[in-house]
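First up is the structure itself, then whatever we jot down about it.
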Amino acid sequence: MGFLGAPVVGVDELVDRIDPRPVLESRTIHEGYVFDLVSETADLGEAGTVRREFLRHPGAVAILALDDEERLVVVQQYRHPVGAFDWEIPAGLLDVAGEPPQLAAARELGEEADLRAEQWDVLVDYWTTPGGNDEAIRVFLARGLSPVPEAERHEREDEELGMPTVWATLDNVQEAVLSGRLHNPSTCIGVLAACAARDRGWATLRPADAPWPEHPRRR
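With full-length UniProt numbering as the guide, the letters of the sequence shown map in order to residues 1 to 219.
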């Protein structure tokens, strides 16, 4: 037993349990441009019922695009809610109906970084704020990079217009994350996961089409 009598578990027992409780009532409070604010009452059994308001989100993908010299591409975007220009790995919403996540990732890599990739793997999955929204993000590792021909490049607009794009080594970005200089969640989680996966000879990678039941609409 561990501290205060709590059990000590092995790695195989450390798995999130997908087990949604019955929803007794659900209503949309506000229908937004990207996500909706909803209110739901859930039945927790012996614990009674709870009402929770949260954001319903389409989910997203992010791409850690790594070249043969272990450099990754990062772009800088203005994020109005936090009033900051943050450095991010390319990413985008799963807002095209029926589009597989890997194809969405390939599209976003082309649109944001003018890059294509021959090899795709799942690096890590995560929930951004499980207490406040249902957004699920899948971070892909993209390798075998090549540029999108200039005539086929995406015309950027809004926050993406004129955004800086740079290359940095995986180790330097890791250092920037750990020193508190970078704060974008997909960048922080993706880079730390990539460093851990690299130290294990990339044995932790999953296929690009690996199941994703953690995304509420992909169960």
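Beta carbons are placed, not taken as given, at the ideal position from N, Cα and C, and that holds for glycine.
* Asked: Leaving out five residues before and five after Gln76 in sequence, what residues of the same chain have Cβ atoms less than 6 Å from its Cβ?
  -> Phe85, Trp87, Met163 and Pro164
* **Rounded C-alpha distance that separates Val82 from Thr187** => Here the alpha carbons of Thr187 and Val82 stand approximately 16 Å from one another.
* To do: Under 8 Å by Cβ, that's how I've got Ala113 and Ala65 pegged, so tell me the actual separation to the nearest angstrom.
  => About 6 Å; that satisfies the 8 Å criterion.
* Asked: Which residues in the same chain have their Cβ closer than 6 Å to the Cβ of His215, if we skip the five residues on either side of it in sequence?
  -> Gly59 and Ala136
* Nearest to Glu69 by CA position, among Ala197, Ala168 and Leu182, is which residue? -> Ala168
* Beta-bridge pairing of Asp86 - partner residues as DSSP gives them -> Gln77
* Asked: Can you give the Cα-Cα distance for Arg79 and Glu31, rounded to whole angstroms?
  -> 21 Å
* Asked: Would Val50 pass as a contact of Leu44 if the rule is Cβ separation under 8 Å?
  -> yes
* In the structure shown, what three-state DSSP assignment does Asn172 receive? -> helix
* For Arg138 versus Ala117, is the C-beta spacing smaller than 8 Å? -> no
* Of the listed residues Pro213, Arg21 and Gly110, nearest to Thr46 (C-alpha basis) -> Correcting the residue identity first, residue 46 is Glu in this sequence and not Thr. Measuring from the Cα of Glu46, the nearest candidate turns out to be Arg21.
* **Cβ neighbours of Pro147 in the same chain (closer than 7 Å, five flanking residues each side left out)** => Asp114 and Leu115
* To do: From the DSSP output, in three-state form, read off Ser186 for me.
  => Helix at Ser186.
* To do: Would you kindly report the start and end of the unbroken beta strand (DSSP E) that includes Gly144?
  => Ala136 to Pro147
* With distances taken from CA atoms, which of Ala91, Ala6, Leu72 and Gly2 is nearest Val173? -> Leu72
* Leu141 versus Ala197, Glu150 and Tyr126, residue with shortest Cα-Cα distance -> Nearest of Ala197, Glu150 and Tyr126 to Leu141, Cα basis: Ala197.
* Please report the residue range of the beta strand (DSSP E) in which Ala117 lies. => Leu115 to Trp127
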